[in-house]
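Taken in order, the first sequence gives residues 30 to 499; the numbers are from the numbering used here.
In this text, a Cβ means the ideal position worked out from N, Cα and C, and glycines have one as well.
The structure appears below as structure tokens.
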Amino acid sequence: MAQAQPGPWDALGAAVLTPIEGRSGPAHSTLFDFEQPLVSETTDPLDALNEFERQRVSLAGSVDPARLSRLLAAESVGALIAAEMRFAGLPWSVSAHDQILTEMLGPRPTVEGDRPSKLQFLAEKIRSLLDAPQLNPDSPNDLLRALTVAGVQTTSTRAWELKQLKHPAIEPLLEYKKMSRLLAANGWNWLDSWVRDGRFRPDYVPGGVVTGRWATSGGGALQLPHLIRGAVIPDAGWKLVVADASQLEPRILAAMSADRGMVEAGASGDLYEGIVASGAVETRAQAKLAMLGAMYGATTGESGRLMPKLARAYPRAIQMVEDAARAGERGEVVSTQLGRGSPRGADTGTYDDSLTPAQRSAERERGRSWGRFTRNFIVQGTAAEWALCWMASIRVRLDALAAGTWLTESPHLVFFLHDEVVIHSPAESAEAVAVLVADAAHEAGRLLFGGLPVTFPLTVAIVDRYDAAK
DNA sequence: GCCCAATGCGCC
DNA sequence: AAAGGGCGCATTGGGC
């Protein structure tokens, strides 16, 4: 499957929602009749049974059919959940959103394209402080020029670079950037485009990311700023159950490498404190930094310096990500826990004497960069698999909780964010949902790692506003 | 007018 | 508070 050339199914995209006309389904075979050979009477390249049969054949020939079929099942449930979440929608209060915007930016301008009052005030202040009356603070070019003329030394206008600088204009400028960003990304225009009948309906793209993570197209659901999460408010008599997996990716690394020490460090609840307790590093902040470095491939800075300590304390876990990085540099495919393969890179390890030293050096850096990708791929991709299994298990349990009701009449998933879910639930069911979500996290661990004693603790909150969940 | 790259920043 | 991985989106500013 992964090796197969893209076919007509891959090209479907949004068109999948359009019914195919003039075709009646097979009359005598049922979808789950596995014992019957699935010989389709049609040559339609979009025939679902044909595709299903191709997948079965491919599975049977795979290295580990049990794991890969689990991945297929998880992906299938994920696709269903994505459609259901879009159907149900995330409860969204237009008035709460407007209130947030008005507080931060000033009231919505009556003339389209005008700056809201507070933003306009800041723009004038920056112009005056930089002595640049024509300055458009939204134009990086313009801004860089004005800063240089005012004697501020910088090569870019990125917020984190500006923060290092000393000039009276910097503070209002940073404030302006934050506000301008809110207006452009999630302002009134966004509200008009994406919220209908009190619901935000993101267009999820399951498996849209190369690692297996979901993507979205339009609406930017996976980048929903914390600033506006106060607009996510349940219906009257309902609650939001917000659950996120604590330190998911480091725990995934511990589990997939079966690094006993790291698994035990996570057993008490805070993996980073566990790492400190083991004596590997001195502070929680160091533990976090070192783990991030291990998973992303940090080479410099404090993160890079802490890596050897981590490698001494947790040799198996670190060896696993190092191996993934080296494999990537050689152009090899690496794989997640359930068998999703990475794309094949170019082999940059072999010596090619037709290249100039500069070319060889560029080639090496390209290889290292690909190695950082494959290093992260196995962790990010397996975390995505855990999240799919988690959601699938949540859905099964929600189904059992409220059998025989419509999706939106009983507790249902309304939002997903890589390691976090939101469930819209009648108030009286919220406690039960909070319990079931934690049970599902245990089950996800079992589905991926069998009997390994790994824990995936959650932070669960029952709230009346999304941003009330910490 | 449309198309595209660069820039910057939101999320995990 | 970036560095190191993965994304999507709005805006600017250049090309045609």
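- DSSP state of P455 mapped onto helix, strand, coil: Secondary structure of P455 (DSSP, three-state): strand.
- Would you grab the beta carbon distance between A306 and K338 for me? Rounded to a whole angstrom, and I think it's under 8 Å. Not a contact, Cβ separation roughly 14 Å.
- Query: Taking the DSSP output, what are the residues bridged to F81?
  - Reply: According to DSSP, F81 bridges with nothing at all.
- Task: Measure how close the beta-carbons of P231 and R115 come, nearest whole angstrom, since I'm counting them as under 8 Å.
- Result: 7 Å
- Item | Endpoints, beta strand (DSSP E) assigned at K268 | 267-274
- Is the region 417-424 close to the region 93-106, with three or more CB pairs under 8 Å? yes
- Task: Report buried or exposed for Q16, applying the criterion of at least 16 other Cβ atoms within 10 angstroms of its Cβ.
- Result: In the structure as shown, the chain begins at 30 and stops at 499. Residue 16 is therefore absent and cannot be evaluated.
- Query: Grouping DSSP H, G and I as helix and E and B as strand, with all else coil, what is F406?
  - Reply: helix
- Query: Between L176, S146, P145, T245, which lies nearest to S157 when the distance is taken from Cα to Cα?
  - Reply: For S157, the nearest C-alpha among the options comes from L176.
- Task: Please say whether I155 and P201 have beta carbons closer to each other than 7 Å?
- Result: In this structure, I155 lies closer than 7 Å to P201 by Cβ.
- Determine the direct distance from the alpha carbon of A260 to that of P254, and round the result to whole angstroms. 11 Å
- Given a threshold of 16 other Cβ atoms within 10 Å of its Cβ, counted over all protein chains shown, does T184 qualify as buried or as exposed? exposed
- Task: Leaving out five residues on either side along the sequence, give the residues of the same chain with a beta carbon under 7 Å from the beta carbon of I110.
- Result: M420, R424, L442
- Out of L100, L211, E190, A117, which has the shortest C-alpha to C-alpha gap to K147? Residue L211 is the option with its Cα nearest to K147.
- Item | Residue nearest to L97 in terms of C-alpha spacing, selected from L481, G474, G368, P169 | Selected option, being the one with the closest Cα: G368.
- Message: Using 8 Å as the cut-off, can you tell me whether the region 286-300 makes contact with the region 338-353, which would need three or more C-beta pairs spanning the two stretches below that distance?
- Response: Output reads yes: the region 338-353 touches the region 286-300.
- What is the residue span of the beta strand (DSSP E) that L487 lies within? Run containing L487: 487-492, per the beta strand (DSSP E) assignment.
- Looking only at its own chain, which residues have a Cβ that is under 8 Å from the Cβ of L384, when we skip the five neighbours before and after it? E392
- Message: Three Cβ pairs or more, each shorter than 8 Å: is that satisfied between the region 267-284 and the region 479-487?
- Response: yes
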